[in-house]
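I have placed the structure first, in the form of structure tokens, so that the comments after it can refer back to it.
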Amino acid sequence: MHTRRNQSDVPAPDSPWNEIAPGLWMGGHEFRGRSGQLELAVVRQEFDLVQTLLRLPGHGPGPGVEHHVWPIPDGPLDGTQLLGVMRLAEAACEALDDGRKVLVRCYHGYNRSGLVVAHALMRRGSSADAAIRLIRARRSGWALHNELFADYLRAGLTTARLLEELTE
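Just so we're aligned: 56 in our numbering is position 49 of the sequence shown, and the numbers increase by one with no gaps anywhere.
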């Protein structure tokens, strides 16, 4: 079984969030600022829809911003968690179709958010590998370093969900 690297091995990103595709952003809750120190990534009114996969107090979004929260681990997901990821990706695509600006975030903005963003890109016609390459190019080479999540994408989340439910 593939496992993720320890969080302490993973460097903080250089920016709070990055645009992966027009209107579709991926980010986290902390980043390394210009001074080299860790800074909090606090969302205010920059986005029309914020999807949060790991909720930390004091990180926004501001009042009036639509906010979807679906906490999932950065590890094996059950069928219900995978279904939630699929629904978040669908909601992100609908918001993009309406011309809205979307942020998908988790702790560093690498794995959990990458899973949702990649699935959204795949819903829009991208292959899993093309989506992963684009995310890594735009966010970080550390994005989707959780090989299990990359495997979920390559198998297709619907298939991964059915397989996970068979093992439950």
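A virtual CB, placed ideally from N, CA and C, is assigned to each residue, including glycine.
Residue i, buried or exposed, once every other Cβ within 10 Å from all chains shown has been counted against 16
{"i": "Arg41", "result": "exposed"}
{"i": "Ser222", "result": "The question about residue 222 has no answer here: the residues shown for the chain are numbered 8 through 175."}
{"i": "Leu47", "result": "exposed"}
{"i": "Gln44", "result": "exposed"}
{"i": "Gly30", "result": "buried"}
{"i": "Leu68", "result": "Note that residue 68 corresponds to Pro in the displayed sequence, not to Leu. The residue is buried, with at least 16 neighbouring Cβ atoms inside 10 Å."}
{"i": "Asp16", "result": "exposed"}
{"i": "Thr59", "result": "buried"}
Reduced DSSP category for residue i - H, G, I as helix; E, B as strand; rest coil
{"i": "Gln88", "result": "helix"}
{"i": "Ile79", "result": "coil"}
{"i": "Arg146", "result": "coil"}
{"i": "Val17", "result": "coil"}
{"i": "Leu141", "result": "helix"}
{"i": "Leu169", "result": "helix"}
{"i": "Leu151", "result": "coil"}
{"i": "Leu164", "result": "helix"}
{"i": "His9", "result": "Caution applies to His9, whose pLDDT of 36 falls short of 50 and renders its modelled position unreliable; the model cannot decide the point."}
Per DSSP, the bridge partner or partners of residue i
{"i": "Val57", "result": "His74 and Leu110"}
{"i": "Met33", "result": "Asn25 and Val111"}
At least 3 beta-carbon pairs within less than 8 angstroms: the stretch 137-153 vs the stretch 83-101: no
Three or more C-beta pairs below 8 angstroms linking the stretch 106-124 and the stretch 18-38: yes
Stretch pair the stretch 134-141 + the stretch 155-174: three plus CB contacts closer than 8 angstroms: At 8 angstroms Cβ cutoff, the stretches touch.
Minimum length 3: unbroken beta strand (DSSP E) runs contained in the stretch 96-126: Under the rule that a run must span 3 or more residues, the beta strand (DSSP E) segments found entirely inside the stretch 96-126 read 109-112.
Any 3 or more C-beta pairs closer than 8 angstroms across the stretch 16-24 and the stretch 74-89: no
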